[in-house]
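First comes the structure, then the notes that go with it.
Residue numbers (this note's numbering): 634 to 1063.
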């Protein structure tokens, strides 16, 4: 099994500045490669640079023109080319498949995002002993023209897990450096003999509604920490943007000019970045907590393929709540990962017409979105709308039968649970 481990690295001031310059040089190389690709297509109408190893080979020619690239290790340089090629491949895929959304590659701004350094050969470029790490850079020439290898040294916050290391990636978040290690470990999945099944209907009214093979129903409310952090982000962003009026334009001796923001703007910008990062980490913790709770209770998890889209938002004010505050796609991918690790069976089902179909008789009838109770005109079945949809998802996966729930009171969920941000656990479930 492949796992990732994220460890903070502590550097001195000089090493930090060196790594920042390495990131800027890789970012500039990325932009040069992108410019060459665009120029080739405009002049010839072809994309020969994107075939085979042509883009990687172009890096060698660019190094001869830009000598400063020799001070960067070969692994981050070649992976910069692979990164651009991968971005183009995703863009071309989106042109053929409309469900796959990926735009044309853009020029990278190192001011907005630190360009990560990838070392994809474990025995080349990075050396680790206990908690000490030595990162190889490129080389420089001394007075006699002899090559001198450059290094930076740092200290890891914790030891790397034992296993077969595949790649190392160095990133930076909020002036802190991290080492992301991809490790292949031997992991034995525990066999679970009991057969407990749950069918889940994700939506934007609540986070999800589920029903299991014993007839128990659970409604998990929205993760309100997202809404809380969005309000805080809006406040800080509004204050920060007002400071743009006090920014000054500075002109260099060579005639080029640039804008310098006020100290208040820079302080608020750092606070805004902290809020974004905290929101991201808190949401990740919440989703992992919910998925582990599901895997503790059930051995077979079925979930609908619902994806919030702009056309579902009837009013403009609904768009943010449905698109930005409903992390259903992220939840599904985490659930798939945790299920495989915990030995649970996982299925994604097409949930077309599951809301409009009666789970007992199969009659299709239209209901308005604001109607939370499903009433079948054919068999007079009455049940909670989202529970009906969850049963239909289970029927499509051939793990549940609608007739089993005939006569059972499903007008409301048995459990109404919520994620507790302070205690970092799901409350109201069992």
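Each residue gets a CB set at the ideal place from its N, CA and C atoms; glycine is no exception. Owing to the predicted nature of the structure, the values given are computational and were not obtained by experimental measurement.
Distance between residue 842 and residue 643 (C-alpha atoms, nearest Å): Within the chain shown, numbered from 1, the residue matching residue 643 stands at position 10. Within the chain shown, numbered from 1, the residue matching residue 842 stands at position 209. Going by the C-alpha atoms only, they are around 44 Å apart.
Cβ-Cβ distance between residue 1021 and residue 992 below 8 Å: Taking the chain shown and counting its residues from 1, the one referred to as residue 1021 is at position 388. Taking the chain shown and counting its residues from 1, the one referred to as residue 992 is at position 359. Cβ distance < 8 Å, so residue 1021 and residue 992 count as in contact.
Nonlocal neighbours in the same chain, by C-beta distance under 6 Å from residue 808, ignoring five residues either side: By one-based count along the chain shown, residue 808 stands at place 175. So the list is empty, once near-sequence residues are dropped.
Stretch pair the stretch 848-858 + the stretch 887-904: three plus CB contacts closer than 8 Å: no
Reduced DSSP category for residue 646 - H, G, I as helix; E, B as strand; rest coil: Residue numbering aside, residue 646 sits at position 13 when the chain shown is read from its first letter. Here residue 646 sits in helix by DSSP.
Straight-line gap, residue 635 to residue 752 (C-alpha atoms, nearest Å): Taking the chain shown and counting its residues from 1, one reaches residue 635 at position 2. Taking the chain shown and counting its residues from 1, one reaches residue 752 at position 119. Cα to Cα, the separation comes out at about 17 Å.
Nearest neighbour of residue 684, chosen from 986, 651, 719, 672 [CA to CA]: Here residue 684 refers to the residue found at position 51 when the chain shown is read from its first residue. Of the candidates 986, 651, 719, 672, the one whose C-alpha sits nearest the C-alpha of residue 684 is 719.
Three CB pairs or more closer than 8 Å across the stretch 655-664 and the stretch 735-753: yes
contact_flag[the stretch 722-729, the stretch 687-696] where n(CB pairs < 8 Å) is 3 or more: Not touching, per the Cβ criterion.
Boundaries of the beta strand (DSSP E) in which residue 1002 is found, first to last residue: Locating residue 1002 in the chain shown gives position 369, where the first residue counts as 1. Here residue 1002 belongs to no beta strand (DSSP E), and DSSP marks it neither H nor E.
Beta-carbon proximity check, residue 960 vs residue 908, cutoff 8 Å: As a position in the chain shown, residue 960 is number 327, starting the count at 1. As a position in the chain shown, residue 908 is number 275, starting the count at 1. No, the pair does not count as a contact, with Cβ atoms beyond the cut-off.
Among 811, 740, 686, 650, nearest to residue 662 - alpha-carbon criterion: Along the chain shown, one-based indexing puts residue 662 at 29. Closest option to residue 662, Cα to Cα, is 740.
Sequence ranges, beta strand (DSSP E) only - wholly within the stretch 751-796, length at least 3: 759-762, 765-774, 780-789
As assigned by DSSP and simplified to three states, the class of residue 825: Here residue 825 is taken as the residue at index 192 of the chain shown, counted from 1. Three-state result, residue 825: coil.
Under 8 Å between C-beta atoms of residue 830 and residue 931: As a working mapping, residue 830 is identified with position 197 in the chain shown. As a working mapping, residue 931 is identified with position 298 in the chain shown. It is a contact, given that the beta carbons lie within the stated cut-off.
Within 8 Å, strictly: CB atoms of residue 997 and residue 833: As a first step, residue 997 must be located in the chain shown, where it is residue number 364. As a first step, residue 833 must be located in the chain shown, where it is residue number 200. No. Outside cutoff.
Beta carbon of residue 1023 nearer than 8 Å to that of residue 788: Residue mapping note: residue 1023 aligns to position 390 of the chain shown, counting from 1. Residue mapping note: residue 788 aligns to position 155 of the chain shown, counting from 1. Using a Cβ distance threshold of 8 Å, residue 1023 and residue 788 do not count as a contacting pair.
Distance, residue 1005 Cα to residue 987 Cα: Counted from its first residue, the chain shown places residue 987 at position 354. Counted from its first residue, the chain shown places residue 1005 at position 372. C-alpha separation (whole angstroms): 14 Å.
Proximity below 8 Å, CB of residue 764 to CB of residue 772: Taking the chain shown and counting its residues from 1, one reaches residue 764 at position 131. Taking the chain shown and counting its residues from 1, one reaches residue 772 at position 139. No, the pair does not count as a contact, with Cβ atoms beyond the cut-off.
DSSP bridge partner residues for residue 705 (one or two, in chain order): As a first step, residue 705 must be located in the chain shown, where it is residue number 72. According to DSSP, which records beta bridges pairwise, residue 705 is partnered with nothing at all.
Proximal residues to residue 767 (C-beta, below 6 Å), its chain only, five neighbours per side dropped: The residue labelled residue 767 in the question sits at position 134 within the chain shown. So the qualifying residues of the chain are 760, 784, 786.
Residue from 686, 966, 665 with nearest C-alpha to residue 698: Position 65 of the chain shown, counting from 1, holds the residue named residue 698. In terms of Cα proximity to residue 698, the closest of 686, 966, 665 is 665.
Pair within 8 Å by beta-carbon distance, residue 847 and residue 1049: Taking the first residue of the chain shown as 1, we reach residue 847 at position 214. Taking the first residue of the chain shown as 1, we reach residue 1049 at position 416. No. Outside cutoff.
Local Cβ density within 10 Å of residue 933, reported as buried at 16 or more and exposed below that: As a first step, residue 933 must be located in the chain shown, where it is residue number 300. So residue 933 ends up on the buried side.
Three-way DSSP call (helix, strand, coil) for residue 973 in this model: Residue 973 sits at position 340 when you count from the first residue of the chain shown. If DSSP states are grouped into helix, strand and coil, residue 973 belongs with the helices.
Beta-ladder partner(s) of residue 1060, from DSSP: For the purposes of this step, residue 1060 is identified with residue 427 of the chain shown, where counting begins at 1. According to DSSP, residue 1060 bridges with 1051.
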